[in-house]
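Going by my numbering, the letters in the sequence shown line up with residues 164 to 327, in that order.
Here a beta-carbon is modelled for each residue, glycine too, at the ideal position from N, C-alpha and C.
In what follows, a single structure is set out as structure tokens and then discussed.
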Amino acid sequence: ENLTVWILIAVILVLYAKQIRFSKTAYGFMFVLIYLHTIGGHYTFAEVPFGYITDLFNFSRNHFDRIAHFSVGFYAFAIAELLYTKELVKSKFLLLTYPVFAIATIAMSYELIEWVYAASTTPEAGLAYLGSQGDIWDAQKDMLADTLGALVTTTIFFKFRVKK
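Here it is as structure tokens:
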């Protein structure tokens, strides 16, 4: 479950070794997913003790994974920051949309990899791995949460970091 976290940390360390630095805000946003994913990996996302929220809002499933997926989108802040500080794009439109599309593409790729893995094993193991909790639209909702997180953090970046 925590392989994803180790990959993220490795990428961040490689970028750091190549003298690519981010702001404290960007690192803070990146830390949120690492933290949430570590908790999800410890308990499995469907079993994270999140019952008080589930009960409070009368949800039929544990939505901790949706919050973690939303935080995947927080990496759009770092992507936007890199594009802006290195002047890799001149267009404000591209600066706003590229990070969102990058996160959406990564999210879709991850869901496809999960699907291929789940389809290549026994049905019981596949369902347990996916952790969809009976939601047939789980993959699509996960991708939506990733993308919405990217939209939010890219908007924050654009509002507070980009010179008018």
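- DSSP places Thr318 within a helical segment (H, G or I) once states are collapsed to three.
- Taking Phe256 as reference, the option from Lys249, Ala243 and Thr248 with the minimal CA-CA separation is Ala243.
- Taking C-alpha positions only, Tyr190 is separated from Ile276 by approximately 26 Å.
- Its chain contains Asn225 as the residues whose beta carbon lies nearer than 6 Å to that of Thr217, once the 5 sequence neighbours on both sides are disregarded; these appear in chain order.
- By alpha-carbon distance to Met306, the top candidate from Asp298, Val195, Phe240 and His232 is His232.
- With fewer than 16 other CB atoms across the displayed protein chains lying within 10 angstroms of its CB, Ile170 is exposed.
- Apart from the 5 residues on each side of it in sequence, Phe240 sits with its Cβ closer than 6 Å to the Cβ of Ala189, Phe192, Thr316 and Phe320 in its chain, given in chain order.
- Judged by beta-carbon spacing, Phe237 lies beyond the 7 Å limit of Phe227, meaning their Cβ atoms are not closer than that value.
- Taking C-beta atoms as the reference points, Gly203 and Val211 count as a pair closer than 7 Å.
- In the three-state DSSP reduction, Glu277 falls in the helix class (H, G or I).
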